[in-house]
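Take my numbering: the final residue in the sequence shown is number 311, and no numbers are missing along the way.
Comments concern the structure below.
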Amino acid sequence: MADIVPQPGDCDKISLMSKTVILGTAGHIDHGKSSLVRVLTGIDPDRLKEEKERGITIELGFARLSLPSGTLAGIVDVPGHERFVRTMVAGAAGVDIVLLVVAADEGVMPQTREHLDICRLLAVRHGIVVLNKCDKADGEWMDLQEEEIRTLVRGTFLEGAPIVRVSAATGQGLPDLVAALDRIAAGIPGKDSSDLFRLPVDRSFSMKGFGTVVTGTLIGGTVATGEEVAILPGGTVAKVRGLQVHGGPVERSTAGTRTAVNLQGVEKESAPRGSVLCRPGTFTPTKSAEVFVEYLPLVPKPLRHRGQVSFH
0 MADIVPQPGD CDKISLMSKT VILGTAGHID HGKSSLVRVL TGIDPDRLKE
50 EKERGITIEL GFARLSLPSG TLAGIVDVPG HERFVRTMVA GAAGVDIVLL
100 VVAADEGVMP QTREHLDICR LLAVRHGIVV LNKCDKADGE WMDLQEEEIR
150 TLVRGTFLEG APIVRVSAAT GQGLPDLVAA LDRIAAGIPG KDSSDLFRLP
200 VDRSFSMKGF GTVVTGTLIG GTVATGEEVA ILPGGTVAKV RGLQVHGGPV
250 ERSTAGTRTA VNLQGVEKES APRGSVLCRP GTFTPTKSAE VFVEYLPLVP
300 KPLRHRGQVS FH
């Protein structure tokens, strides 16, 4: 039941880690998000045959990185293609630090802007801009790209954030990127484990010998094996058969961790991506809500009275 594939010898150290953060990628298709994760962690986040054949990320990918300070970063790698924005939103929820990846040879592209908007609307507060593929551009061109990036992020949570030049292909700049990540992670407070338990599901599957497994970022409270959880909005109640955090089995998982939950007595269809695990009786689904909408300039269609909209 592996959400994130363990690295040799790391499982025994998971319980000793004093701090965990969730790191998410963002950026345009083919700007090197998955390649960057692969070279940082040694884990290929692209799991599907189609992803490897087409060279693009379709589903969420997961990995982890031990930072020099001892902080463990769980990594969520998201698709860059515009057709998979719904998947990107699912992966970005609960992210502490975003790596906005921009290819040095192409610069800012449509999904660069869209992913930045999504992260901002999801209240991501910390991040780094990664100018990737620096082996394919000269210094003067990269200076121009940095200026465009600074213009793009002005007024957002990334204003003043580090812009780190790297090459996933050659390894250039990777130590600087890891050091920048470690500095930012040090300033992120731990999650509130006394809060109500909530785990938005970003992946759901059946595993032979285990049954239904869901994964997500535990954004509040704690969960332990043997406890009952409700699956909203359907309301199905299931028992927690087992837990894994960053690839290692645990008896209890706390807020701020990537968590895989083995659910007993339910099919995966009862806990699809987009559902939420919580304590029975603590939350109630609703059919109506009063909301404030920020309409983005890039949206091609106007918002009309009594019009239909999709929520992700």
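Heads up, the beta-carbon is just placed ideally off N, CA and C, and yes, glycines get one too.
If you're wondering where the values come from, they're calculated on a predicted model, not measured in any experiment.
Check: N-terminal and C-terminal residue of the alpha helix (DSSP H) that K32 is part of; Outcome: K32 to T40
Check: Rounded Cβ spacing between C133 and R164 (contact assumed at less than 8 angstroms); Outcome: 5 angstroms
Check: The beta strand (DSSP E) enclosing L130, as first and last residue numbers; Outcome: H125 to N131
Check: L98 - DSSP class collapsed to helix/strand/coil; Outcome: strand
Check: Residue burial classification, G246 (beta-carbon count within 10 angstroms, cutoff 16); Outcome: buried
Check: Close-in-space but distant-in-sequence residues of the same chain around P284 (CB under 6 angstroms, 5 per side omitted); Outcome: L231 and P232
Check: Closest by C-alpha distance to V275, when choosing among V244, E158, L121 and T214; Outcome: T214
Check: Per-residue burial, G170 [other beta carbons within 10 Å of its own, 16 or more giving buried]; Outcome: exposed
Check: Top-ranked residue by Cα proximity to A229, from P199, S252 and A254; Outcome: P199
Check: Segments assigned alpha helix (DSSP H), at least 4 residues, entirely inside the region 165 to 243; Outcome: 173 to 185
Check: Whole-Å CB distance - S65 paired with A167, under 8 angstroms assumed; Outcome: So it is not a contact: roughly 19 angstroms between Cβ atoms.
Check: Burial state of S309 (16 or more Cβ within 10 Å); Outcome: exposed
Check: Nonlocal neighbours in the same chain, by C-beta distance under 7 angstroms from E158, ignoring five residues either side; Outcome: V152
Check: Meets three-Cβ-pair contact criterion under 8 angstroms: the region 292 to 301 and the region 239 to 253; Outcome: no
Check: Cβ-Cβ distance between V97 and T211 below 9 angstroms; Outcome: no
Check: Whole-angstrom distance between E147 and G41, CA atom to CA atom; Outcome: 31 angstroms
Check: Residues near E145 in its chain [Cβ-Cβ closer than 6 angstroms; skip 5 each side]; Outcome: I162
Check: V77 burial status per 10 Å Cβ neighbour count (16 or more: buried); Outcome: buried
Check: Strand pairing of A160, partner residues [DSSP]; Outcome: According to DSSP, A160 bridges with nothing at all.
Check: CA nearest to the CA of W140, picked from A103, V265 and H125; Outcome: A103
Check: Under the three-state DSSP convention, the category T150 falls into; Outcome: helix
Check: Any chain D beta carbon closer than 9 angstroms to V292; Outcome: The structure shown contains no chain D; it holds only a single protein chain.
Check: Segment limits, beta strand (DSSP E) that includes L22; Outcome: T19 to G26
Check: I183 versus F61 - alpha carbon distance; Outcome: 20 angstroms
Check: C-beta contact flag for R197 and C277 at 9 angstroms; Outcome: yes
Check: For S252, the residue or residues it bridges with in DSSP; Outcome: V222
Check: Residues bridged to G318 [DSSP beta-bridge criterion]; Outcome: Coverage of the chain is limited to positions 0 through 311, which leaves residue 318 absent and any answer about it impossible.
Check: Distance between V260 and P188 (C-alpha atoms, nearest Å); Outcome: 25 angstroms
Check: Range covered by the beta strand (DSSP E) that runs through L276; Outcome: V275 to C277
Check: Cβ-Cβ separation, P109 to H30 (assumed contact under 8 angstroms), whole Å; Outcome: Their Cβ separation, rounded to whole angstroms, is 12 angstroms, which puts H30 and P109 out of contact at 8 angstroms.
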